[in-house]
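Enquirer: Take a look at the following structure, please.
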Amino acid sequence: MIIFLFGLAGAGKSYAGEVISKHLKYKFIDADNWLPAPMLEAITSKQPFTQEMRDGFTEIIIQNTQNMINNKDEGLVITQALYKEKTVKLLKPHYRMLYLFK
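Following this note's numbering, the numbering of the sequence shown begins with 57 at its first residue and continues without gaps.
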């Protein structure tokens, strides 16, 4: 099973993800570690992400997690700050999604 925690920055996604992953003995992943170079550059230069960047990152998340499942990492808890409804809709078919808010 893959559990995906999402929400705004500071909502406690990483903390909750670590607690859940330890309890279930699942692997914990902060999807920030998968941010591609164009998104990191946008963050550094305080520029907004384009929808193309978001869509590309969504595909990276899906591909990386599917590869992990194929490699027998059966339980995953993933966290990521997602803000756009379109992005959440793209991910929903692949994961059990939990929205965290302050």
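Even for Gly, the Cβ is constructed at its ideal location relative to N, Cα and C.
Check each candidate in T135, V144, P149 and name the one with the smallest Cα separation from E74.
Expert: Nearest C-alpha to E74: T135.
Enquirer: Between the segment 106–118 and the segment 76–91, can you find at least three pairs of beta-carbon atoms closer than 8 Å?
Expert: yes
Enquirer: Rounded to the nearest angstrom, what separates M49 and T106 at their Cα positions?
Expert: This structure cannot settle anything about residue 49, because the visible part of the chain is limited to 57 through 158.
Enquirer: Can you give me the C-alpha to C-alpha distance between K81 and G131, rounded to a whole angstrom?
Expert: About 8 Å.
Enquirer: Looking at the secondary structure, which residues open and close the alpha helix (DSSP H) in which T100 lies?
Expert: Segment 93–100, the alpha helix (DSSP H) holding T100.
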